[in-house]
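So the mapping is simple: the numbering used here equals the position in the sequence shown, first residue as 1, plus 125.
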Amino acid sequence: MLRISIIRVGLLMVYKLEGDLAGEWVNEFREAWFRAPSGSRKNEFVDLDSVNRIDREGMQLLSLMGLAGVRFVASAPYTRSLLEEFGEAVYDELPAARS
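Dropping the structure here:
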């Protein structure tokens, strides 16, 4: 199961994920990302602190998002290393949002 919360923090849009980014839930997140209004992908963050598992399809989606300019928040060592292995910038926490 995956819970997806979309939160605005100043100019930032944050996708907070809780659960597994795997299997059928990858498509759910992909659709939520495509449907969400966005001014700039560079102002989008995916908060992965509450994600338990990421499968190959989930990692492919995150990689695609990274290529589009989305950035990631992850504090768990395994999640950080997965993202860094794909060359993604990973933050410990959201940067201060400027309005």
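Built from N, CA and C at the ideal position, the CB exists for glycine as well.
- Within the stretch 149 to 185, the runs of alpha helix (DSSP H) at least 4 residues long that lie entirely inside it are, in chain order, 149 to 160.
- Annotated as proximal: Met-184 and Leu-207, with beta-carbon spacing under 8 Å.
- Cβ contact annotation for Tyr-216 (same chain, cutoff 6 Å, sequence separation greater than five): Val-198, in chain order.
- Residue pairing for Leu-142: DSSP places it in a beta bridge opposite Ile-129.
- With at least 16 other beta carbons inside 10 angstroms of its own, Phe-170 counts as buried.
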